[in-house]
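In the numbering used here, each residue carries its 1-based index in the sequence shown increased by 517.
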Amino acid sequence: MRFDLLTLLVLRLCVDLLVAAAFLAQSRRHPSVGGPGWWALAALLSALGSVGLGLRTEAPDWFSIGVANTALAAGVVFSWLGLRSYLGFRPPLRRSLAGLLALWAVNVLLFTVWDSVPARQSVFSLVSMGVGALTLLDIDRFDTQRRFRELRALRYLTWLEFVCLAAFGVAIWFMPAGTSPSRLSSLVPALLLIFMIDILLRMVIYTSLVTLRLQQDGDRTRQALQVREADSRTLIENLSAGVMVFRPDQTLSSINSAARRFLGWEEGG
C-alpha cells in the first residue's frame with residue numbers, strides 16, 4: 518500500500534494543530550498541572566517540521582531539511598519535557614536547547630557535506646530513541662510500583678516506538694545497493710503515518726494523565742476539608758462554653774456538650 522507524502526503531511530499538520538489547541542486550552546484552564554503547556558509547544562514544533570517537509574522542493578535546504586528535521590525532533594524532546602514537568606521533575610531546558618542546536622548543525626552538515634537520506638533519518642531515529650529511553654527512566658522513577666495504568670500505557674507506547682524506529686533504521690540502511698532516492702523516500706510516508714497515530718495516542722494518554730491529576734488534587738482537597746472539619750468539631754466539643762450552630766432556616770445543625778448540659782439535654786438527644 519502506497520501513501521501520498523503530501524496528503525499525510527497535511528493530515529499530520531492538522532493533527533498537530535488540533536493537539537496544540539487542546540493542550541493550550543488545558544494549560545490555561547488548569548495552570549497548576551504541569552505538562553499541557555509543554556505538550557502544546559511540542560505539537561507546534563511538530564507542525565513546523567511538517568510544514569518544512571511539505572516545502573522541501575520549494576524552500577531552501579536549510580529550512581526544508583535542517584530546520585524541519587530539527588523541529589520534528591524538538592517536538593519529541595518537548596513532549597518529554599512536558600512529562601517531566603507533569604511528574605514533578607525539573608525539565609532540563611537549557612541542555613535540551615543546546616542539544617537541539619547541535620542537532621541542527623548535524624542536519625546542516627548532512628546535506629552540505631554528506632547528502633545522505635539514511636544518515637539524516639538515522640539521526641532522527643537515534644534522537645527519538647534516546648528521548649524514549651529517558652521517558653522510560655522517568656516513568657520507572659516516578660511509578661516504581663506501576664500503580665497508574667496511564668503511565669503503563671505510555672510505557673508500552675514508548676517500547677512500540679523503539680521497535681518501529683529500529684525497524685525503520687534497519688530497512689533504510691540495508692536496502693540493496695543502487696536503490697534510488699525515491700525508493701528511500703518511500704519509507705518516509707509510512708514513518709509519518711506511524712508517528713501521526715502515535716501523536717493521537719499520546720494525546721489520549723496525556724489527557725488522561727491531566728484528568729488523573731485533577732482527580733488526585735480533588736481527593737486531597739476533600740480529605741483536607743474533612744480533617745479541618747473534624748478538628749473544628751473536636752475543638753468546639755471540648756470548649757467549656759456552650760456552642761450551638763444553626764442553619765440558615767433556623768434549624769439546629771450541631772451543639773456541643775457544654776450547651777447540652779446548660780439546656781439539660783442528654784448526650785445524643
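Glycine included, every Cβ here is placed at the ideal spot set by N, Cα and C.
Where residue i falls: helix, strand or coil (DSSP)
i                 : result
threonine 696     : Confidence at threonine 696 is low in this model, with a pLDDT of 48, below 50, so its placement is unreliable and the value that follows should be read with caution. Coil, per DSSP.
valine 644        : helix
alanine 622       : helix
alanine 776       : helix
proline 553       : helix
glutamine 662     : coil
leucine 756       : coil
tryptophan 631    : coil
phenylalanine 595 : helix
methionine 606    : The sequence shown places phenylalanine at residue 606, not methionine. In this structure, phenylalanine 606 counts as coil in the three-state DSSP scheme.
tryptophan 676    : helix
glutamate 667     : helix
glutamate 746     : helix
leucine 572       : coil
aspartate 521     : coil
proline 548       : coil
glycine 781       : coil
Cβ shell of residue i (< 8 Å), same chain only, five flanking positions each side left out
i                 : result
phenylalanine 641 : Asn586, Leu589, Ala590
isoleucine 722    : Glu667, Ala670, Leu671, Leu674
leucine 541       : Pro553, Gly554, Ala557
alanine 775       : Leu756, Ser757, Ala758, Gly759, Val760
leucine 651       : Trp597
arginine 663      : Arg669
leucine 617       : Thr587, Ala590, Ala591, Val594
Inter-residue Cα distance where the pair is residue i and residue j
i                 : j                 : result
glutamate 783     : isoleucine 772    : 11 Å
methionine 761    : leucine 558       : 55 Å
leucine 530       : glycine 551       : 25 Å
serine 602        : proline 548       : 12 Å
serine 697        : isoleucine 716    : The predicted model places serine 697 with a pLDDT of 48, which falls under 50 and marks its position as unreliable; any figure quoted below should be read in that light. Computed Cα separation, rounded: 30 Å.
phenylalanine 779 : asparagine 755    : 15 Å
leucine 614       : leucine 604       : 20 Å
glutamine 732     : alanine 636       : 45 Å
leucine 528       : alanine 619       : 29 Å
leucine 708       : leucine 526       : 11 Å
aspartate 748     : threonine 738     : 15 Å
proline 706       : leucine 718       : 18 Å
phenylalanine 628 : valine 568        : 18 Å
methionine 713    : alanine 539       : 16 Å
arginine 612      : leucine 752       : 53 Å
isoleucine 689    : phenylalanine 606 : 36 Å
threonine 768     : glycine 781       : 19 Å
arginine 546      : valine 625        : 40 Å
arginine 658      : glutamate 678     : 20 Å
alanine 683       : threonine 524     : 25 Å
leucine 570       : valine 744        : 57 Å
Spatial neighbours of residue i in its chain, beta-carbon cut-off 6 Å, leaving aside the 5 residues before and after
i              : result
leucine 598    : Trp555, Pro608
glycine 686    : Ser639, Ser642
glycine 566    : Ala585, Ala588, Leu589
alanine 537    : Ala557, Ala560, Leu561
cysteine 681   : Ile711
valine 644     : Ala590
methionine 720 : Val536
Beta bridge counterpart(s) of residue i as assigned by DSSP
i             : result
aspartate 763 : The sequence given here has phenylalanine at residue 763, not aspartate. Leu769, per the DSSP bridge assignment.
Other residues of its chain near residue i: CB distance less than 7 Å, five sequence neighbours each side excluded
i                 : result
phenylalanine 595 : Trp555, Leu558, Ala559, Leu562
isoleucine 656    : Leu668, Leu671, Arg672
valine 648        : Val593, Val594, Trp597
valine 623        : Val640
serine 770        : Val762, Phe763, Arg764
leucine 534       : Ala564
serine 544        : Pro553, Gly554, Ala557
glycine 695       : Residue confidence is low: glycine 695 scores 48 on pLDDT, short of 50, so the model does not pin down where it sits. Its coordinate-derived value is still stated next. Contacts found: none.
aspartate 660     : Leu668
Chain C contact for residue i (CB, 7 Å cutoff)
i             : result
threonine 768 : Although the question refers to chain C, the structure presented lacks it and comprises just one protein chain.
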